[in-house]
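Undergrad:
Number of protein chains: 2
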Amino acid sequence: MPAYKTRAQFVANDLRGRILGGEFPGGSQLRQDALAKDYDVSRIPVREALLALESEGLVEFHAHRGAFTTELSIAKIRELFELRVLLETYMLKRAIPNLTEEQLDDAEGILRKYDAALDSRGQIDNWSEYNFVFHQALYAPANLPETMAIISQLNTKSDRYIRMQLLYTQEIEKAEREHHTLLAFSREGRIEQACQLLEAHILEACEGIVSILEGRAQAQQQTLPNTR
Amino acid sequence: MPAYKTRAQFVANDLRGRILGGEFPGGSQLRQDALAKDYDVSRIPVREALLALESEGLVEFHAHRGAFTTELSIAKIRELFELRVLLETYMLKRAIPNLTEEQLDDAEGILRKYDAALDSRGQIDNWSEYNFVFHQALYAPANLPETMAIISQLNTKSDRYIRMQLLYTQEIEKAEREHHTLLAFSREGRIEQACQLLEAHILEACEGIVSILEGRAQAQQQTLPNTR
DNA sequence: TTTCCGCAGTTTGTATACAGTGTGCAATAA
DNA sequence: TTATTGCACACTGTATACAAACTGCGGAAA
Numbered sequence: 001m002p003a004y005k006t007r008a009q010f011v012a013n014d015l016r017g018r019i020l021g022g023e024f025p026g027g028s029q030l031r032q033d034a035l036a037k038d039y040d041v042s043r044i045p046v047r048e049a050l051l052a053l054e055s056e057g058l059v060e061f062h063a064h065r066g067a068f069t070t071e072l073s074i075a076k077i078r079e080l081f082e083l084r085v086l087l088e089t090y091m092l093k094r095a096i097p098n099l100t101e102e103q104l105d106d107a108e109g110i111l112r113k114y115d116a117a118l119d120s121r122g123q124i125d126n127w128s129e130y131n132f133v134f135h136q137a138l139y140a141p142a143n144l145p146e147t148m149a150i151i152s153q154l155n156t157k158s159d160r161y162i163r164m165q166l167l168y169t170q171e172i173e174k175a176e177r178e179h180h181t182l183l184a185f186s187r188e189g190r191i192e193q194a195c196q197l198l199e200a201h202i203l204e205a206c207e208g209i210v211s212i213l214e215g216r217a218q219a220q221q222q223t224l225p226n227t228r
Numbered sequence: 001m002p003a004y005k006t007r008a009q010f011v012a013n014d015l016r017g018r019i020l021g022g023e024f025p026g027g028s029q030l031r032q033d034a035l036a037k038d039y040d041v042s043r044i045p046v047r048e049a050l051l052a053l054e055s056e057g058l059v060e061f062h063a064h065r066g067a068f069t070t071e072l073s074i075a076k077i078r079e080l081f082e083l084r085v086l087l088e089t090y091m092l093k094r095a096i097p098n099l100t101e102e103q104l105d106d107a108e109g110i111l112r113k114y115d116a117a118l119d120s121r122g123q124i125d126n127w128s129e130y131n132f133v134f135h136q137a138l139y140a141p142a143n144l145p146e147t148m149a150i151i152s153q154l155n156t157k158s159d160r161y162i163r164m165q166l167l168y169t170q171e172i173e174k175a176e177r178e179h180h181t182l183l184a185f186s187r188e189g190r191i192e193q194a195c196q197l198l199e200a201h202i203l204e205a206c207e208g209i210v211s212i213l214e215g216r217a218q219a220q221q222q223t224l225p226n227t228r
């Protein structure tokens, strides 16, 4: 059986992975012809895949000029992460009272898989996905699908930068410890503390990313100091 | 000169208007061929328009079965409006300290146009748009484009139901008065009161919509009581 | 009678082909 | 040399044509 219902969906999923994986730096043009050859399909499903990625904020269309990967300013990254704080704490607050034992155990199971993957190294790509799956497991009992969709969208948009941070710093262990604590708070129904930790957890990641980007920007300025 | 850069964009904009205007009840199938004939274009731009509307939540694709207008459950409507409260009060709180005299006057100008349109009646279609423009004018100084995009998205999704409410009740005048008060609070920098009013303003609309839908659901049950 | 299978018709999904727009280079003039 | 105009190329946007999937109905089997 075919892995996906349509070619467009397949291309969209795969291309999303490639973009998030860093294959296309921000601002790269995504030529439809080249992608069509890559996937051995026509340009039509490629275009539709690109449109789907546009709605996720990974790509921007300019009429008659094509599709380009997006690049977020530091201000926008800050904005995204603050939105995540707002929405995810809201979500967690509503989820904790509904959490069942079974759901908590599921979340713990995900953390264990994490830890295992963590040992085997080199799995940053997957880590990023597991990370969201864990958070999702905690939020799901809130039963707010629309909110979840937006949170998911925000996570996708920030994903590239989170991977970058993981690449440059060794924050995985710390994040992992925070996840365990977060789960413990949730299990004990300590809503306030859980939300505070979650907020700190998200904002720390944000600051890590921003400091990397700022460092990179400075390095650029030093290399080419001719800013007339 | 062409009004739009691409045919797909034109179709998307026009079709959005038709859907929000109530031409297609929730769950209607949107046949690509029929729409293509309507607009005298091929199915390709129609498909792309439908994909755009899908990302706005107005339409859902089912692989190999086509596109259908979405229908929101009461629970989802409540969720959407609560999200609007969360995000729009957050936005307003951040906007008020940045509001300039000029921006306040702009907002007031929009309200005046409202009032004029209100007298000339029958302009519910436009009212819905003016409504968002006014709110947008108040929020803009917060300088949070990503947040604004999400708020805009939520407004689009709830727009159909707001129009329905305006059609069945005479709440326009009340909403209009609240807008004036909201503007006054904003002008005076009374953040807390402005946000409280905004919250009530949004939740009132929500309850109005829900009561209409619940009434309608009951009427349905009475007409066909054969629920085996 | 009820259930299952298969076929025809309809609609979507995709390939191919064509038209239109933007871009960059080259040639010309100042 | 530098600025400007026009042309050719490349790529996107769209039309047309074809392939594949789903739906509903009718008939056969249990």
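In the order they appear, the protein sequences are chains A and B. The first sequence begins at 1 in the UniProt record's numbering and counts up by one. The second sequence begins at 1 in the UniProt record's numbering and counts up by one. All C-beta atoms, glycine included, are put in the ideal place defined by N, C-alpha and C.
Using a Cβ-Cβ cut-off of 7 Å, state whether A:Arg160 counts as contacting chain B.
TA: no
Undergrad: For the beta strand (DSSP E) that contains B:Ala67, what are its first and last residues?
TA: Gly66 to Thr69
Undergrad: What's the C-alpha gap between B:Glu108 and B:Thr89?
TA: 19 Å
Undergrad: Provide the residue span of the alpha helix (DSSP H) that contains B:Phe185, from first to last.
TA: Ile172 to Arg187
Undergrad: Does chain A have any CB closer than 7 Å to the CB of B:Leu144?
TA: yes
Undergrad: Tell me the rounded alpha-carbon separation between A:Leu197 and A:Ala49.
TA: 37 Å
Undergrad: Would the beta-carbon of A:Ala139 fall within 7 Å of that of A:Ala95?
TA: Looking at the sequence itself, residue 139 of chain A is Tyr, so the reference to Ala does not match. Closer than 7 Å, so yes.
Undergrad: When you compare only the Cα positions, how much space is there between B:Leu20 and A:Leu213?
TA: 42 Å
Undergrad: In whole angstroms, what is the alpha-carbon distance linking A:Met1 and B:Pro97?
TA: With a pLDDT of only 47 at A:Met1, under 50, the local geometry of the prediction cannot be trusted, and the value read off the model is given with reservation. Going by the C-alpha atoms only, they are around 58 Å apart.
Undergrad: From the DSSP secondary-structure annotation, give me the bridge partner or partners of B:Phe61.
TA: B:Ala67
Undergrad: Which class does A:Leu203 belong to by DSSP, given the choice of helix, strand or coil?
TA: helix
Undergrad: Return yes when the Cβ of B:Glu207 is within less than 7 Å of the Cβ of B:Val85, no when it is not.
TA: no
Undergrad: Pairs of beta-carbons, one from the region 41-59 of chain B and one from the region 4-16 of chain B, closer than 8 Å: are there three or more?
TA: yes
Undergrad: Helix, strand or coil for B:Leu30, going by three-state DSSP, please let me know.
TA: strand
Undergrad: Look at B:Gln29 and B:Phe68 and say whether their C-beta atoms are less than 7 Å apart.
TA: In contact: B:Gln29 and B:Phe68 (Cβ atoms closer than 7 Å).
Undergrad: Could you name the residues of the same chain whose beta carbon sits closer than 7 Å to that of B:Asn155, not counting the 5 residues immediately before and after it, in chain order?
TA: Shown here for B:Asn155: same chain residues with a beta carbon closer than 7 Å to its own, the five before and five after excluded, namely Phe132 in chain order.
Undergrad: Along the region 59-88 of chain A, where does the CB come closer than 8 Å to a CB of chain B? Name the residues.
TA: For chain B, the residues of the region 59-88 of chain A that bring a beta carbon within less than 8 Å of one of its beta carbons are Ala63, His64, Lys76, Glu79, Leu80, Leu83, Leu86 and Leu87, in chain order.
Undergrad: Are the C-beta of B:Met1 and some C-beta of chain A separated by less than 7 Å?
TA: Reliability of the predicted coordinates at B:Met1 is poor, the pLDDT of 46 falling under 50, and the value obtained from them is presented with this limitation in mind. Judged by the 7 Å Cβ criterion, B:Met1 is not in contact with chain A.
Undergrad: Buried or exposed: where does B:Asn226 fall if 16 or more other Cβ atoms within 10 Å of its Cβ makes it buried?
TA: Annotation note: pLDDT 42 at B:Asn226 (below 50); position unreliable, no value reported.
Undergrad: Any beta carbon of chain B sitting closer than 7 Å to that of A:Lys5?
TA: Proximity of A:Lys5 to chain B, defined by a Cβ-Cβ separation below 7 Å, is satisfied.
Undergrad: Measure the CB-CB distance between A:Lys76 and B:Glu146 and report whether it falls below 7 Å.
TA: yes
Undergrad: Which bits of chain B does A:Glu48 rub up against, with CB to CB less than 8 Å?
TA: Arg47, Glu48 and Leu51
Undergrad: Mind listing which residues of the region 166-186 of chain B have their C-beta closer than 7 Å to chain A's C-betas, in chain order?
TA: Taking 7 Å as the Cβ-Cβ cut-off against chain A, none of the residues of the region 166-186 of chain B qualify.
Undergrad: Taking the beta carbon of B:Ser73 as the centre, do at least 16 other beta carbons fall within 10 Å, making it buried, or is it exposed?
TA: For B:Ser73, the number of other beta carbons within 10 angstroms of its own is below 16, and it is reported as exposed.
Undergrad: Between which two residues does the alpha helix (DSSP H) holding A:Ala12 run?
TA: Arg7 to Leu20
Undergrad: May I have the straight-line CA-CA distance separating A:Cys195 from B:Ser55, to the nearest angstrom?
TA: 30 Å
Undergrad: Taking the alpha-carbon positions, what's the A:Glu82 to A:Lys93 distance?
TA: Computed Cα separation, rounded: 17 Å.
Undergrad: Suppose the cutoff is 8 Å on Cβ atoms and the five residues either side in sequence are ignored; what does the same chain contact list for A:Val210 look like?
TA: Ile74, Ile77 and Arg78
Undergrad: Could you give the first and the last residue of the continuous alpha helix (DSSP H) run that contains A:Phe24?
TA: Note, A:Phe24: premise wrong, no alpha helix (DSSP H); not H, not E.
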